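Residue numbers (this note's numbering): 1 to 450. Please read the structure below before turning to the comments.
Have a look at this one:
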């Protein structure tokens, strides 16, 4: 019976052409509900983002100051940081037991809902993602805020549709469409949020879905910017227009990142499999061990941990030496894989943007060192392009990646290099038969249900 119901939903949502009647039926109410849900996402997602900043500061700065004057100052600070990191991450992982769909990014579950392969996440997922995400990311785990925000947004959209007793198909649409408002709020990038819904989640554009998605993003971003500001994510002063021949370098960078994206995805999946199958030890204990390692690293080198936004800005500012960047990309590659493998609430986007940025900086620095070009390559430009190209290689959503980076940096003038590098990344990753990361995670989710 359930299979027949789901099949009818798929037929209605995916296979039939959108008619005027199907577009207009209940459209006003659906749009109003989406707008209400979007406004709630602006509050929830904005507060989540703000709380992450505060808890991160609390761990990295306040903990150091407290330790210096505390009664247990005789204990090594790194030991205390490891203990706190272990407790936070272990508890975050334990919350997932209450709702397994809250594990990891949650984007794969949103996509499963879109395909009617899963039911929308329960309302309890919202506090689990909120609290679990804060606990996991505060000690410095290499996780992104966008994953929890996207899934929390989907839960809010579905809950609003359910409370107002909308049709089942419209409730499913709200779950996936309002998720776009979550990405928009997470990165202050409204167009990227819309592109994400159409390119990655639904992989289909209808006027009805577009109206609903844009309504949710419009109110979500309005509320977010009203209460939490409209500060651009990365400041990139100093990027200059370069000769057309430089496009060859951007294309080569995209090809390299296309291959690296395939490898990164394999590492992520291998890390999850290793974590799951390594032993009979409780996942909370294994997650706590990872949290302890991250907490210790956060004490020793606080500028190397976290989602990656701070490090990207430092890269753009030119604060890292070439040798430091080599070490940092190795550390961040491993940290991203290990952090996500723990299964605590947290996303993939922000950490992989840093890997792309580091690759772009190393690539341009290497070409400048060997004087391949007669003119020096502008490293900040290659950092920006590297972020989009690696995102594209990993997620296989070029439009989302390009819009996301443009909105986070404000660099519309880099559109052409972004296009060249992203196309090259997609082509290489596809020729290497690398599966997009969320397709791989969705396959794992299907396998675990059997």
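A virtual CB, placed ideally from N, CA and C, is assigned to each residue, including glycine. Just so we're clear, the structure is a prediction, and the values are computed from it rather than from any experiment.
Counted within 10 angstroms of its Cβ, other Cβ atoms place residue i as buried (16 or more) or exposed
| i | result |
| --- | --- |
| residue 207 | exposed |
| residue 379 | buried |
| residue 74 | exposed |
| residue 227 | exposed |
| residue 123 | exposed |
| residue 148 | buried |
| residue 172 | buried |
| residue 193 | buried |
| residue 412 | exposed |
| residue 58 | exposed |
| residue 158 | buried |
| residue 290 | buried |
| residue 160 | buried |
| residue 265 | buried |
| residue 3 | Confidence in residue 3 is poor, its pLDDT being 42 and thus under 50, which makes the residue's placement too unreliable to answer from. |
| residue 200 | buried |
| residue 84 | buried |
| residue 304 | buried |
| residue 53 | exposed |
| residue 88 | buried |
| residue 337 | buried |
| residue 61 | exposed |
| residue 447 | exposed |
| residue 431 | exposed |
| residue 445 | buried |
| residue 278 | exposed |
| residue 322 | exposed |
| residue 188 | buried |
| residue 245 | exposed |
| residue 372 | exposed |
Rounded Cβ spacing between residue i and residue j (contact assumed at less than 8 Å)
| i | j | result |
| --- | --- | --- |
| residue 389 | residue 429 | That belief does not hold up - the Cβ atoms of residue 389 and residue 429 are roughly 10 Å apart, past 8 Å. |
| residue 234 | residue 316 | 6 Å |
| residue 46 | residue 346 | With 8 Å as the limit, residue 46 and residue 346 do not qualify as a contact, their Cβ atoms being about 18 Å apart. |
| residue 41 | residue 298 | Residue 41 to residue 298, Cβ: 30 Å. No contact. |
| residue 242 | residue 375 | 7 Å |
| residue 125 | residue 99 | 5 Å |
| residue 213 | residue 180 | 5 Å |
| residue 210 | residue 184 | The Cβ separation is near 14 Å, so there is no contact. |
| residue 249 | residue 367 | 6 Å |
| residue 223 | residue 176 | Incorrect: roughly 20 Å between the Cβ atoms, too far for contact. |
| residue 427 | residue 398 | 10 Å between Cβ atoms; not a contact. |
C-beta atoms of residue i and residue j nearer than 8 Å
| i | j | result |
| --- | --- | --- |
| residue 150 | residue 182 | yes |
| residue 285 | residue 359 | no |
| residue 387 | residue 357 | yes |
| residue 145 | residue 186 | yes |
| residue 381 | residue 403 | no |
| residue 352 | residue 391 | yes |
| residue 275 | residue 344 | no |
| residue 107 | residue 438 | yes |
| residue 420 | residue 296 | no |
| residue 96 | residue 90 | no |
| residue 307 | residue 153 | no |
| residue 170 | residue 26 | yes |
| residue 82 | residue 134 | no |
| residue 33 | residue 164 | yes |
| residue 178 | residue 440 | no |
| residue 37 | residue 261 | no |
| residue 312 | residue 354 | yes |
| residue 118 | residue 155 | no |
Any non-hydrogen atom of the ligand HEM closer than 7 Å to residue i Cβ
| i | result |
| --- | --- |
| residue 403 | The ligand HEM is absent from the structure shown, which contains no ligands of any kind. |
**Request:** Return the chain-ordered ranges of every alpha helix (DSSP H) run that is complete within the segment 129-207 and spans a minimum of 4 residues.
**Result:** 146-163, 168-177, 179-187 and 190-196
**Item:** Whole runs of the alpha helix (DSSP H) within the segment 308-367, excluding any shorter than 4 residues
**Value:** 309-317 and 322-341
**Prompt:** Could you give the uninterrupted runs of the alpha helix (DSSP H) lying entirely in the segment 275-307, keeping only those of 4 residues or more?
**Reply:** 283-300
**Request:** List in chain order: all unbroken beta strand (DSSP E) runs of 3+ residues lying wholly within the segment 63-128.
**Result:** none
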